[in-house]
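K.L.:
Protein chains in written order, with my numbering: chain A, 1 to 204; chain B, 1 to 204; chain C, 1 to 204; chain D, 1 to 204. Where a beta carbon is used, it is the ideal one built from N, C-alpha and C, also for glycine.
There are 4 protein chains.
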Amino acid sequence: MSLIDRLSQQFVRFPGIGARQARRFVYFLLSADKSFVDELIRNIKKAHDEVLQCAVCFRYFETQNNGGFLCTLCSDKNRDASVLLVVEKDADLDAVQKSGAHSGGYFVLNGRLPLSGEGKSFVRLPELQERLRKEAHNGLKEVVFALSANPEGDYTVLELKKALAPIAQENNLVFSTLGRGLSTGTELEYSDEDTIKSALQNRH
Amino acid sequence: MSLIDRLSQQFVRFPGIGARQARRFVYFLLSADKSFVDELIRNIKKAHDEVLQCAVCFRYFETQNNGGFLCTLCSDKNRDASVLLVVEKDADLDAVQKSGAHSGGYFVLNGRLPLSGEGKSFVRLPELQERLRKEAHNGLKEVVFALSANPEGDYTVLELKKALAPIAQENNLVFSTLGRGLSTGTELEYSDEDTIKSALQNRH
Amino acid sequence: MSLIDRLSQQFVRFPGIGARQARRFVYFLLSADKSFVDELIRNIKKAHDEVLQCAVCFRYFETQNNGGFLCTLCSDKNRDASVLLVVEKDADLDAVQKSGAHSGGYFVLNGRLPLSGEGKSFVRLPELQERLRKEAHNGLKEVVFALSANPEGDYTVLELKKALAPIAQENNLVFSTLGRGLSTGTELEYSDEDTIKSALQNRH
Amino acid sequence: MSLIDRLSQQFVRFPGIGARQARRFVYFLLSADKSFVDELIRNIKKAHDEVLQCAVCFRYFETQNNGGFLCTLCSDKNRDASVLLVVEKDADLDAVQKSGAHSGGYFVLNGRLPLSGEGKSFVRLPELQERLRKEAHNGLKEVVFALSANPEGDYTVLELKKALAPIAQENNLVFSTLGRGLSTGTELEYSDEDTIKSALQNRH
Numbered sequence: 001m002s003l004i005d006r007l008s009q010q011f012v013r014f015p016g017i018g019a020r021q022a023r024r025f026v027y028f029l030l031s032a033d034k035s036f037v038d039e040l041i042r043n044i045k046k047a048h049d050e051v052l053q054c055a056v057c058f059r060y061f062e063t064q065n066n067g068g069f070l071c072t073l074c075s076d077k078n079r080d081a082s083v084l085l086v087v088e089k090d091a092d093l094d095a096v097q098k099s100g101a102h103s104g105g106y107f108v109l110n111g112r113l114p115l116s117g118e119g120k121s122f123v124r125l126p127e128l129q130e131r132l133r134k135e136a137h138n139g140l141k142e143v144v145f146a147l148s149a150n151p152e153g154d155y156t157v158l159e160l161k162k163a164l165a166p167i168a169q170e171n172n173l174v175f176s177t178l179g180r181g182l183s184t185g186t187e188l189e190y191s192d193e194d195t196i197k198s199a200l201q202n203r204h
Numbered sequence: 001m002s003l004i005d006r007l008s009q010q011f012v013r014f015p016g017i018g019a020r021q022a023r024r025f026v027y028f029l030l031s032a033d034k035s036f037v038d039e040l041i042r043n044i045k046k047a048h049d050e051v052l053q054c055a056v057c058f059r060y061f062e063t064q065n066n067g068g069f070l071c072t073l074c075s076d077k078n079r080d081a082s083v084l085l086v087v088e089k090d091a092d093l094d095a096v097q098k099s100g101a102h103s104g105g106y107f108v109l110n111g112r113l114p115l116s117g118e119g120k121s122f123v124r125l126p127e128l129q130e131r132l133r134k135e136a137h138n139g140l141k142e143v144v145f146a147l148s149a150n151p152e153g154d155y156t157v158l159e160l161k162k163a164l165a166p167i168a169q170e171n172n173l174v175f176s177t178l179g180r181g182l183s184t185g186t187e188l189e190y191s192d193e194d195t196i197k198s199a200l201q202n203r204h
Numbered sequence: 001m002s003l004i005d006r007l008s009q010q011f012v013r014f015p016g017i018g019a020r021q022a023r024r025f026v027y028f029l030l031s032a033d034k035s036f037v038d039e040l041i042r043n044i045k046k047a048h049d050e051v052l053q054c055a056v057c058f059r060y061f062e063t064q065n066n067g068g069f070l071c072t073l074c075s076d077k078n079r080d081a082s083v084l085l086v087v088e089k090d091a092d093l094d095a096v097q098k099s100g101a102h103s104g105g106y107f108v109l110n111g112r113l114p115l116s117g118e119g120k121s122f123v124r125l126p127e128l129q130e131r132l133r134k135e136a137h138n139g140l141k142e143v144v145f146a147l148s149a150n151p152e153g154d155y156t157v158l159e160l161k162k163a164l165a166p167i168a169q170e171n172n173l174v175f176s177t178l179g180r181g182l183s184t185g186t187e188l189e190y191s192d193e194d195t196i197k198s199a200l201q202n203r204h
Numbered sequence: 001m002s003l004i005d006r007l008s009q010q011f012v013r014f015p016g017i018g019a020r021q022a023r024r025f026v027y028f029l030l031s032a033d034k035s036f037v038d039e040l041i042r043n044i045k046k047a048h049d050e051v052l053q054c055a056v057c058f059r060y061f062e063t064q065n066n067g068g069f070l071c072t073l074c075s076d077k078n079r080d081a082s083v084l085l086v087v088e089k090d091a092d093l094d095a096v097q098k099s100g101a102h103s104g105g106y107f108v109l110n111g112r113l114p115l116s117g118e119g120k121s122f123v124r125l126p127e128l129q130e131r132l133r134k135e136a137h138n139g140l141k142e143v144v145f146a147l148s149a150n151p152e153g154d155y156t157v158l159e160l161k162k163a164l165a166p167i168a169q170e171n172n173l174v175f176s177t178l179g180r181g182l183s184t185g186t187e188l189e190y191s192d193e194d195t196i197k198s199a200l201q202n203r204h
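#1: Whole alpha helix (DSSP H) runs in the segment 19-96 of chain B with 4 or more residues, listed along the chain?
#2: Look at the alpha carbon of R20/C and the alpha carbon of D5/D, and state the distance between them as a whole number of angstroms.
#3: For chain A, is any of its Cβ atoms less than 8 Å away from the one on R112/D?
#4: State the DSSP-derived secondary structure class of G104/C, mapped to helix, strand or coil.
#5: So with CB distances below 9 Å, who are the chain B contacts of A19/C?
#6: Candidates P15/B, G18/B, V83/B, V26/B: which alpha carbon is nearest L7/B's?
#7: Any idea which residues DSSP pairs R180/C with across the strands?
#8: Answer with buried or exposed for T177/D, where buried requires no fewer than 16 other C-beta atoms within 10 angstroms of its C-beta.
#9: Compare the C-beta of G104/D with all C-beta atoms of chain C and state if any pair is closer than 8 Å.
#10: Determine, for S2/B, whether the minimum Cβ-Cβ distance to residues of chain C falls below 8 Å.
#11: Going straight from the alpha carbon of R124/C to that of R79/C, what length do you get?
#12: Under a CB-based cut-off of 8 Å, is D80/C close to chain B?
#13: Taking Cβ to Cβ, would you say I228/A is nearer than 8 Å to I41/D?
#14: Out of K34/D, L30/D, A47/D, A32/D, which one is the CA nearest neighbour of D38/A?
#15: Closest to C57/A by C-alpha separation, out of L160/A, K34/A, V86/A, G68/A, would be which residue?
#16: Pull up the distance between the alpha-carbon of L132/A and that of A146/A, whole angstroms please.
#17: Can you tell me whether DSSP reads A149/D as helix, strand or coil?
#18: Using 7 Å as the cut-off, classify the Cβ of A163/B as near or not near the heavy atoms of the ligand PLP, replying yes or no.
#19: Does the beta carbon of G16/B come closer than 8 Å to any beta carbon on chain A?
#20: Given that a residue counts as buried once 16 or more other Cβ atoms are within 10 Å of its Cβ, and exposed if not, what is G139/D?
#21: Would you say R180/B and E152/B are within 8 Å of each other, going by their C-beta atoms?
#22: For Q169/A and G117/A, what's the separation of their Cα atoms in angstroms?
#23: Which residue's Cα is closest to the Cα of L29/C: D90/B, F36/B, Y106/B?
#24: Hey, how far is the Cα of K161/C from the Cα of R24/D?
#25: For the segment 183-202 of chain C, which residues have a beta carbon sitting closer than 9 Å to at least one beta carbon of chain D?
#26: Return the residues of the segment 136-155 of chain C that lie within a Cβ-Cβ distance of less than 9 Å from chain B, sorted by chain order.
#27: Here's a check: name, in chain order, each residue in its chain whose Cβ is nearer than 6 Å to the Cβ of H105/C, leaving out the five neighbours to either side.
#28: In whole angstroms, what is the alpha-carbon distance linking N171/B and A136/B?
#29: Which residues share a DSSP beta bridge with F122/A?
#30: Applying a beta-carbon distance threshold of less than 9 Å, which residues of chain C neighbour L125/B?
#31: Looking at chain C, is there any beta carbon in it that lies within less than 8 Å of the beta carbon of T177/D?
#32: For G55/B, would you say it is in contact with chain C, using Cβ-to-Cβ distances shorter than 8 Å as the test?
#33: Beta-carbon of V108/D versus every beta-carbon of chain C: anything under 8 Å?
#34: Give me the residue from E88/C, A199/C, S183/C with the minimum Cα distance to S121/C.
#35: Answer yes or no: does any C-beta atom of chain B fall closer than 8 Å to that of R59/A?
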């Protein structure tokens with residue numbers, strides 16, 4: 001196989017990229033300035049070397065060469081230790097941070113549980129259990145499951161609640177999930193029954 | 001202009017129909033069975049003759065030849081008189097009814113107020129004012145504004161609240177709006193800040 | 001079933017219309033001016049009464065109350081009798097007429113043959129055979145199959161050629177099909193192999 | 001700016017990639033196996049080092065460490081020297097090669113001329129002129145402009161023909177363009193007038 005083909009096949013593994021666009025990426029790189037490509041390579045290398053996963057919340061963060069293994073959020077003593085938000089992935093955490101609506105801790109779950117029960121799951125359940133046990137002694141009161149509002153997300157929350165019930169009971173932890181209702185931009189006519197029910201229950 | 005062109009131009013005025021599809025409608029009708037077309041004409045005629053607008057909630061309903069001017073919902077004495085839901089249009093009312101989440105009264109507003117303040121509006125404000133005054137004596141306690149979760153819907157709710165404030169104060173009526181949050185099917189990553197904020201506030 | 005439901009169900013049978021849009025059509029008609037609805041009914045009725053299928057090309061046309069059964073194209077003596085264009089439906093004929101690129105006769109086939117061979121077909125093969133036999137004595141030299149550039153269209157052309165071969169041979173008729181190549185707006189990169197081959201063969 | 005942000009901004013410059021997907025690329029790389037990332041870096045580096053632009057047709061090709069500066073197509077003595085196909089970019093050349101419909105030479109133009117006449121153009125006109133002069137002595141008879149079937153493509157062909165006219169006249173070269181017609185998958189009803197005209201002219 002040619003180098004162009006091999007590189008195309010690597011780009012096909014990028015999220016949302018098909019064979020045709022992968023090939024366009026290769027031609028784009030071939031015609032790009034040497035300085036752009038050099039910097040791209042340098043940044044990818046640096047990202048793999050210098051970006052670590054936080055030992056507490058598991059999100060990716062850039063080390064400040066201070067030898068620490070905690071991200072800026074987890075090492076910030078001013079954040080509210082009583083509420084922990086469980087999200088599926090880093091991009092979800094970014095979105096919540098941008099909203100400024102949460103001042104507590106985070107935990108990146110690494111995906112959802114497959115509905116079928118089959119298939120390998122990378123969900124960090126043991127790590128979450130350990131986190132709850134530890135944080136319970138540091139003032140944790142509430143765990144908010146901020147997962148996707150779809151069947152897989154709902155199923156994952158259900159299973160997490162089951163698995164974490166003993167720890168919660170022992171430590172007086174409360175579970176909660178994000179409120180459902182009308183998302184910005186939606187019309188009643190096109191909303192499903194569950195969304196309408198939640199929107200009515202959560203009226204204010 | 002030919003008859004085919006004239007009929008096409010009428011179909012173009014149907015919601016969501018462009019010139020090409022309008023023409024396909026004409027050819028569809030030309031090749032349809034005579035019985036289908038006859039029934040279509042009969043139904044359209046009947047709809048205009050026998051479907052009335054309810055004198056109370058303004059939704060469309062079919063008369064039962066009982067001489068009444070109230071729809072089945074407004075003439076149902078078992079519905080909760082303490083809550084009134086204001087919706088933009090019939091299709092929204094249908095969606096709420098289908099959800100089974102509201103057992104009170106309805107009021108069809110007939111659209112939203114244009115953000116610019118300009119443009120003719122068909123919103124039934126005087127009729128809503130009259131309705132509130134009357135219902136206040138029949139046990140009405142809460143008016144739920146169930147409008148679209150978009151700028152125009154928010155602006156309309158704001159203006160309605162202003163215009164209805166005197167009546168509300170006089171009669172101890174409470175205003176509320178539908179809860180915002182994650183709609184079924186949405187992911188955190190793709191949600192805007194307002195939706196995330198509401199979802200966190202409405203967590204349960 | 002309610003009248004609104006029955007009318008919705010009729011609109012669902014219109015080409016490209018789903019349940020939700022059908023219902024919007026009903027509400028649109030209910031809120032429309034009486035004059036608009038009256039004219040719509042009148043036009044639909046007139047269309048069914050006054051629009052006929054041409055006895056020669058089978059396209060729909062409006063009678064001029066002259067008792068004729070031929071459309072304006074088929075009754076126009078100045079059109080080129082040597083070339084006959086076979087199209088699938090009226091809208092295709094309209095598109096060709098608008099291009100001004102064909103000055104001969106037309107024949108509306110009424111659809112394509114299903115690839116599976118199964119399923120009822122409404123293709124007017126006997127009528128086309130009769131047409132060719134007649135026109136062959138009036139100077140017809142070429143039959144152009146102007147069908148869709150897709151597998152069903154290609155299959156239909158193949159079957160028509162087989163079925164019409166004896167008549168063609170007997171009367172020295174030539175068969176042809178529309179040229180393939182780049183349609184306006186297409187790029188080479190996104191074109192399939194057949195289109196590129198045809199575009200190269202038809203280069204000029 | 002953080003490393004994650006900087007890398008995201010580089011991916012945004014990839015063709016067809018927005019800010020959100022760029023960020024997903026970064027998280028994808030962070031969570032990818034080290035071996036995948038190492039190979040990606042190695043391949044990108046190799047591509048820039050070992051993939052050259054052919055000195056004759058300007059397409060990208062991988063050197064075989066034989067010291068040559070010609071791609072496999074340009075160094076193949078069996079290809080037809082009488083026809084030269086001018087394409088906009090490598091991906092177009094790939095598409096033509098895959099169709100197997102062209103056995104002659106290629107020239108990668110590097111884009112199209114902007115319709116406005118403004119804007120920097122990277123079109124290789126001087127190189128094409130030189131190529132035609134040389135090839136004319138090696139049996140070249142026809143130059144096929146295989147550009148996009150859109151206004152910019154048509155305009156570029158027009159300008160190229162003007163600029164190359166003296167060389168063509170001097171050397172008895174013929175110019176041609178790809179045939180227009182129905183692309184695979186298109187229906188007559190949705191085709192523009194030019195496409196229908198071409199399809200009728202190119203009927204066979």
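P.N.:
Looking at the atomic coordinates:
#1: As for any alpha helix (DSSP H) of minimum length 4 sitting wholly inside the segment 19-96 of chain B, the runs are 19-31, 34-50, ordered along the chain.
#2: By 1-based counting over the third sequence, the position of residue 20/C is 20. By 1-based counting over the fourth sequence, the position of residue 5/D is 5. In a straight line, the C-alpha of R20/C is about 43 Å away from that of D5/D.
#3: Residue numbering aside, residue 112/D sits at position 112 when the fourth sequence is read from its first letter. In terms of beta-carbon proximity, R112/D stays away from the interface with chain A, with every pair separated by 8 Å or more.
#4: The sequence position of residue 104/C within the third sequence is 104, counting from 1. G104/C: strand per DSSP, three-state reduction.
#5: One-based indexing of the third sequence puts residue 19/C at position 19. Neighbours of A19/C on chain B: none; closest Cβ ~11 Å, over 9 Å.
#6: If you number the second sequence from 1, residue 7/B lands on position 7. Of all alpha-carbon atoms in P15/B, G18/B, V83/B, V26/B, the one lying nearest the alpha-carbon of L7/B is that of V26/B.
#7: Mapped onto the third sequence, residue 180/C falls at position 180. For R180/C, which the question treats as bridged, DSSP gives the partners L182/D.
#8: Here residue 177/D corresponds to residue number 177 of the fourth sequence, with the count starting at 1. The Cβ neighbour count for T177/D, taken over all protein chains shown within 10 Å, is at least 16; the residue is labelled buried.
#9: Against the fourth sequence, residue 104/D aligns to sequence position 104. Answer no: the Cβ-Cβ gap between G104/D and chain C never drops below 8 Å.
#10: Along the second sequence, read from residue 1 onward, the residue named residue 2/B stands at position 2. Cβ-Cβ to chain C under 8 Å: yes for S2/B.
#11: Indexing the third sequence from 1 puts residue 124/C at position 124. Indexing the third sequence from 1 puts residue 79/C at position 79. If you draw a straight line from the Cα of R124/C to the Cα of R79/C, it is about 23 Å long.
#12: The sequence position of residue 80/C within the third sequence is 80, counting from 1. Chain B, which has no Cβ nearer than 8 Å to the Cβ of D80/C, makes this no.
#13: Only positions 1 to 204 of chain A appear in the structure, and residue 228/A is not among them; the question remains open.
#14: The residue given as residue 38/A occupies position 38 in the first sequence. Ranking K34/D, L30/D, A47/D, A32/D by Cα distance to D38/A puts A47/D first.
#15: As a working note, residue 57/A is residue 57 in the first sequence. Taking each of L160/A, K34/A, V86/A, G68/A in turn and checking the Cα distance to C57/A, the smallest one comes out for V86/A.
#16: The count along the first sequence starts at 1 and reaches residue 132/A at position 132. The count along the first sequence starts at 1 and reaches residue 146/A at position 146. Cα-Cα distance, rounded: 16 Å.
#17: For the purposes of this step, residue 149/D is taken as the residue at position 149 of the fourth sequence. Correct three-state label for A149/D: coil.
#18: Ligands in the displayed structure: none, and consequently the ligand PLP is not present.
#19: Here residue 16/B refers to the residue found at position 16 of the second sequence. So no, G16/B is outside the interface.
#20: The residue labelled residue 139/D in the question sits at position 139 within the fourth sequence. The residue is exposed, with fewer than 16 neighbouring Cβ atoms inside 10 Å.
#21: For this step, residue 180/B is matched to residue 180 along the second sequence. For this step, residue 152/B is matched to residue 152 along the second sequence. With contacts defined by Cβ atoms closer than 8 Å, R180/B and E152/B do not form a contacting pair.
#22: Taking the first residue of the first sequence as 1, we reach residue 169/A at position 169. Taking the first residue of the first sequence as 1, we reach residue 117/A at position 117. Distance from the CA of Q169/A to the CA of G117/A, rounded to the nearest whole angstrom, comes to 26 Å.
#23: Position 29 of the third sequence, counted from the start, is the residue given in the question as residue 29/C. For the residues D90/B, F36/B, Y106/B, the minimum Cα distance to L29/C belongs to D90/B.
#24: Working through the third sequence from its first residue, we reach residue 161/C at position 161. Working through the fourth sequence from its first residue, we reach residue 24/D at position 24. In a straight line, the C-alpha of K161/C is about 54 Å away from that of R24/D.
#25: The segment 183-202 of chain C vs chain D, Cβ under 9 Å: S183, T184, G185, T186, E187, L188, E189, Y190, S191, D192, E193, D194, T195, I196, K197, S198, A199, L200, Q201, N202.
#26: Within the segment 136-155 of chain C, not one residue has a Cβ closer than 9 Å to any Cβ of chain B.
#27: Your numbering for residue 105/C matches position 105 in the third sequence. Inspection of the sequence shows that residue 105/C is occupied by Gly rather than by His. L84.
#28: Locating residue 171/B in the second sequence gives position 171, where the first residue counts as 1. Locating residue 136/B in the second sequence gives position 136, where the first residue counts as 1. Each residue's Cα considered, the two are about 6 Å apart.
#29: Your numbering for residue 122/A matches position 122 in the first sequence. For F122/A, which the question treats as bridged, DSSP gives no partner whatsoever.
#30: Taking the second sequence and counting its residues from 1, the one referred to as residue 125/B is at position 125. When 9 Å is used as the limit between beta carbons, L125/B is near no residue of chain C, the shortest such separation being about 18 Å.
#31: Position 177 of the fourth sequence holds residue 177/D. So yes, T177/D belongs to the interface.
#32: Indexing the second sequence from 1 puts residue 55/B at position 55. Residue 55/B is actually Ala in this sequence, not Gly. Not closer than 8 Å to any Cβ of chain C, the Cβ of A55/B fails to qualify, so no.
#33: Locating residue 108/D in the fourth sequence gives position 108, counting from the first residue. Judged by the 8 Å Cβ criterion, V108/D is not in contact with chain C.
#34: As a working note, residue 121/C is residue 121 in the third sequence. The shortest C-alpha separation from S121/C is found at E88/C.
#35: Within the first sequence, residue 59/A is the residue found at index 59, counting from 1. Using a CB distance cut-off of 8 Å, R59/A does not count as an interface residue toward chain B.
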